[in-house]
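Under this note's numbering, think of the first position of the sequence shown as 7, with each following residue one higher. Down below is the structure, laid out as structure tokens.
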Amino acid sequence: MATQAQYQQYLQILANPNKIEKIVQLDFLNDDGTVAFVIDNEYKKGYGGNSSLSRAFLQDGSLDVSLQNGKRRQASVYFENLDRQFDFNVNHLWMGQKIRIKAGLVLPDGYKYYLPQGVFYINSPQLGWKPNSRKQNYTLIDKWGYVDGTLFGKLRDTYIVPVGNNIFQAMQAVLQTSKYTLNATTNSLQMIDNITPLFTNYYNNRTTTSNGQVYLNTEVPYQITVEYGKNFSDILLALNDLIAGWIGYDATGKMTVLPSENDIADQTKPIQWEFTTTSPTFLGLDETSDISQVFNEYTIVGEALDSTVAPVGRAINNDATSDTSIGRIGRKSQIESASGYYTKEQCAALAAFKLKRSTVLQKSVTFSSTPMFHLQENNLITVKRTDKSGAPIERHLIQSFSLPFSQTGQMSITATSVTDYPNITIEEVNYGIIS
């Protein structure tokens with residue numbers, strides 16, 4: 007287990023890219039999560055000098071991460087498979103094989119400092135054969151590929167989640183479905199995913215009210231029915247819609263469900279790296295501003311549960327200090343329907359979240375940098391803009407990044423600009439009536 011001191015050493019080396027010796031390792035996992043065997047980026051004449059053992063080694067590849075609900079991580083790996091131990095067939099690597107990727111660097115004392123980059127399944131294997139070369143190429147997708155129909159297939163029967171079920175228990179029940187039988191219960195090694203998810207406790211003991219009926223935010227308010235022929239992911243996403251959460255697999259291979267309601271205050275998130283335009287880690291940036299996606303009023307129209315009147319929530323930016331307030335640029339309204347939102351409170355919360363994302367200037371910034379292995383989506387990086395008057399420090403929220411596995415190559419980070427959230431107004435709405 008790495009220590010905090012080693013992490014600080016890691017950060018110090020990142021700041022001096024010329025000293026980086028990049029290391030990447032692929033852990034091929036058994037069903038119980040233990041490591042069956044590994045490949046890294048060091049050429050070996052047989053492990054331990056034993057020429058009878060595999061001489062496969064990682065040559066190239068990359069990792070791509072994107073913040074979204076569902077599949078977030080995909081990777082490609084290329085390695086020399088000289089002795090054919092890693093061929094794609096039933097006697098070697100086969101469908102359902104999990105691969106954990108770790109990447110990092112070597113510390114001054116020789117310690118190999120790895121950070122997790124995700125757990126993946128093999129998809130679209132390719133083999134290139136030439137005399138004296140047998141290059142294997144594996145395209146990898148994260149564990150969401152086992153629920154979205156890519157690898158595991160479709161629902162063979164209609165799936166129902168009854169009213170009153172706990173949302174998170176219902177999600178876990180999906181992951182506990184057997185891969186092999188039609189039994190409702192199965193041992194952990196037969197489950198779609200036997201790793202316990204990380205569920206937010208943000209909604210515990212919170213309630214909403216609809217037509218005088220009080221609902222716990224953690225309970226399913228109406229029967230969810232997902233027809234046969236659809237995907238297991240459709241069940242998970244329908245449940246996630248009830249809380250407007252972020253759902254996907256993290257760098258450790260654990261499904262996480264986090265709230266978006268408290269995702270408004272980006273300034274409270276960790277800053278994972280502080281660039282300056284003169285530092286050796288900074289290799290340039292490109293900025294794009296999309297003013298068509300700026301709005302200062304957001305309306306969410308939900309679904310009626312017990313009446314014909316749909317709940318509506320509206321958030322408005324009337325903050326005089328905001329560059330995009332109604333008073334400064336005029337009213338720019340956006341209206342969206344949201345299935346699964348059944349109270350005004352839920353609609354208003356989603357409207358506030360959407361307004362936050364769209365009331366700032368939609369500036370997308372793509373950074374080029376030396377490789378870093380600790381960055382995570384939905385966290386902050388900053389850059390001190392010495393090219394601007396006053397050298398302001400600008401904050402950006404990581405939306406996606408691409409990390410090369412070769413010893414050379416630049417990292418690409420796409421982020422959106424973050425400004426302090428303006429003061430907003432939540433308005434009571436009689437939808438469609440102009441007064």
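Glycine included, every Cβ here is placed at the ideal spot set by N, Cα and C.
Exercise for the section: Please confirm whether V30 and F411 have their CB atoms less than 7 Å apart. Expected result: Going by C-beta atoms, V30 is nearer than 7 Å to F411.
Problem - Terminal residues of the beta strand (DSSP E) in which Q65 lies - result: Element bounds for Q65: 63-72.
Practice task
Spatial neighbours of L32 within its chain, please: CB distance less than 7 Å, with the 5 preceding and 5 following residues excluded, ordered by chain position.
Solution key: Annotation for L32: V44, I45, L64, V83, I105, I107 place their beta carbon closer than 7 Å to its own, counting only its chain and skipping 5 residues before and after.
Handout entry: Cβ shell of Y16 (< 6 Å), same chain only, five flanking positions each side left out
Key = Around Y16: Y119.
Exercise for the section: Have a look at T145 and F85 and give me their C-alpha separation to the nearest angstrom. Expected result: Going from the Cα of T145 to the Cα of F85 covers about 12 Å.
Problem - Residues that F407 bridges to, as DSSP identifies them - result: F407 pairs with V71, I419.
Problem - T263 - DSSP class collapsed to helix/strand/coil - result: Residue identity check: residue 263 is Val in the sequence provided, not Thr. DSSP places V263 in the strand class (E or B) of the three-state scheme.
Practice task
Just tell me which of I241, T231, Q196, I249 has its CA closest to the CA of Y221.
Solution key: Closest option to Y221, Cα to Cα, is I249.
Exercise for the section: For S58, collect the residues of the same chain with a Cβ closer than 6 Å to its Cβ; drop the 5 residues on either side in sequence, then sort them by chain order. Expected result: Because S58 carries a pLDDT of 42, less than 50, the predicted location of this residue cannot be relied on, and no value is offered for it.
Practice task
Report the partner residues of S339 according to the DSSP bridge assignment.
Solution key: Looking at the DSSP assignment, S339 forms a beta bridge with E303.
Practice task
Taking all protein chains shown into account, decide if W100 is buried (16 or more other Cβ within 10 angstroms of its Cβ) or exposed.
Solution key: Exposed is the call here.
Practice task
Starting from the Cα of L311, find the closest Cα among I230, T282, I241 and give me that residue.
Solution key: Looking at the Cα atoms, I230 is the closest of the given residues.
Handout entry: Cα-Cα separation between M417 and E383, rounded to whole angstroms
Key = For the pair M417 and E383, the Cα-to-Cα distance works out to about 14 Å.
Problem - For M197: DSSP bridge partner residues - result: Note: M197 sits in a beta bridge opposite S184.
Practice task
Look at the alpha carbon of N207 and the alpha carbon of S395, and state the distance between them as a whole number of angstroms.
Solution key: If you draw a straight line from the Cα of N207 to the Cα of S395, it is about 44 Å long.
Problem - Residue environment, E400, which counts as buried when at least 16 other CB atoms sit within 10 Å - result: Looking at its Cβ environment, which holds 16 or more other Cβ atoms inside 10 Å, E400 is buried.
Problem - L245 vs I173 beta-carbon contact at 7 Å - result: The Cβ atoms of L245 and I173 lie closer than 7 Å to each other.
Problem - Sequence-distant residues of the same chain with beta carbon closer than 7 Å to P23, five excluded per side - result: These residues qualify, in order along the chain: P286, T287, T376.
Exercise for the section: Would you decide whether V263 is buried or exposed? Buried here means 16 or more other CB atoms lie within 10 Å of its CB. Expected result: Per the 10 Å Cβ criterion, buried.
Handout entry: Residues that H402 bridges to, as DSSP identifies them
Key = Partner residues in the beta bridge of H402, as assigned by DSSP, are I387, S423.
Practice task
Keeping to the same chain, check which residues put their C-beta closer than 6 Å to that of N200; ignore five residues upstream and five downstream.
Solution key: So the qualifying residues of the chain are S194.
Exercise for the section: Just confirm the distance between the C-beta atoms of G415 and G254, as a whole number of angstroms; I'd bet it's less than 8 Å. Expected result: The Cβ separation is near 26 Å, so there is no contact.
Handout entry: V153, buried or exposed, once every other Cβ within 10 Å from all chains shown has been counted against 16
Key = Classification for V153: buried.
Handout entry: Status (buried if at least 16 other CB within 10 Å, exposed otherwise) for V315
Key = With fewer than 16 other Cβ atoms within 10 Å, it is exposed.
Handout entry: When S423, H98, G67 are compared against N47, the one with the closest alpha-carbon
Key = Closest by alpha carbon: G67.
Problem - A109 versus Y117, K369, Q123, Q103, residue with shortest Cα-Cα distance - result: Considering only alpha carbons, the answer is Q123.
Exercise for the section: Report yes if the CB atom of T431 is closer than 7 Å to the CB atom of N324, and no otherwise. Expected result: Yes, the pair counts as a contact, with Cβ atoms nearer than the cut-off.
Problem - Closest residue to G336 among V300, K360, Y348 (Cα-Cα distance) - result: Closest option to G336, judged by alpha-carbon separation, among V300, K360, Y348: V300.
Practice task
With a cut-off of 8 Å on the beta carbons, I'd call G290 and Q352 a contact; round off their distance for me.
Solution key: In fact, because the Cβ distance is near 42 Å, the residues do not count as touching under 8 Å.
Exercise for the section: State yes or no: is the C-beta of L204 within less than 7 Å of the C-beta of K260? Expected result: Result yes, Cβ atoms of L204 and K260 sit closer than 7 Å.
Handout entry: 7 Å Cβ cutoff met for F281 and V180
Key = For the pair F281 and V180, the CB atoms are not nearer than the 7 Å cut-off.
Handout entry: Sheet register partners of F34 (DSSP bridge)
Key = F34 is bridged to F43, I105.
Exercise for the section: Pick helix, strand or coil for S328, following the three-state DSSP scheme. Expected result: In the structure shown, S328 sits in coil (DSSP, three-state: anything other than H, G, I, E or B).
Handout entry: F373 vs V71 beta-carbon contact at 7 Å
Key = No, these two residues do not count as a Cβ contact at 7 Å.
Practice task
Would you mind sorting Q14 into buried or exposed? The rule is 16 or more other CB atoms within 10 Å of its CB.
Solution key: Exposed: under 16 other Cβ atoms inside 10 Å.
Practice task
Reducing DSSP to helix, strand and coil, say where I249 ends up.
Solution key: Coil at I249, not helix or strand.
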